[in-house]
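Q: Just so it is clear: in the sequence shown, position 22 is 496 by my numbering, and no numbers are missing.
We put the beta carbon where it would ideally sit given N, CA and C, even for glycine.
Predicted, not measured: the structure shown is a model, and the values here were computed from it.
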Amino acid sequence: MAFSLTPERQETLQDILSRYPNKMAATIPLLHLCQEQNGWVSDEVVDYVATTLELPTAHVFGVVTFYTLFFTHPMGKHHVWVCRTLSCALNGADEILERCKDKLGIDIGETTEDGQVSLHTAECLASCGTAPMMQIDKEYHENLTLDQVDVLLDRLRS
Ligand code: FES
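1. Look up T542 in the DSSP assignment and say whether it is helix, strand or coil.
2. Consult DSSP for Q609 and reduce its assignment to one of helix, strand or coil.
3. Note down, in chain order, each residue of its chain lying with its Cβ closer than 7 angstroms to the Cβ of L578, except the 5 sequence neighbours on either side.
4. Within the present structure, is the beta-carbon of S478 separated from the nearest heavy atom of the ligand FES by less than 7 angstroms?
5. According to the Cβ coordinates, are H552 and L630 closer than 8 angstroms?
6. Taking 7 angstroms as the cut-off, is the CB of T559 close to at least one heavy atom of the ligand FES?
7. Roughly how many angstroms lie between the CA atoms of A600 and A563, to the nearest whole one?
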């Protein structure tokens, strides 16, 4: 089925387009807008973005597959990103990641059976002074302990 944005997001798209000198420059913001609505970037979303921005489908697909923040298959409702770069690694990122895997019962890149949570690793999220840290959806959780990880993940699935 063809993809299209909701009327509210159509308005947001018009606002986005007004900020750029050409349509191609709006590729990434429009992909984010579509993914926010659809949960992932399906072939239908790629077609929609290409048509809307008057771009070759291959160009849009190239952008989608280049950036790890775009998902090319269905994902969970929530995204947990565990930073594993130096400061976090030195402060227990491995243990945080293992706790997430155990508690969620999934590996990196997988989604819980109930479709609620997908687990990812991330490179430095620019919060090194408060390592170890992870991002859940759009929110940072810093100076993490394993107990805090338990609470955060329980809250996500309740
Ligand atoms: S190393 Fe984890 S936020 Fe920078």
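A: Concretely, from the data shown:
1. coil
2. strand
3. T586, V591, L593, L627
4. no
5. yes
6. yes
7. 14 angstroms
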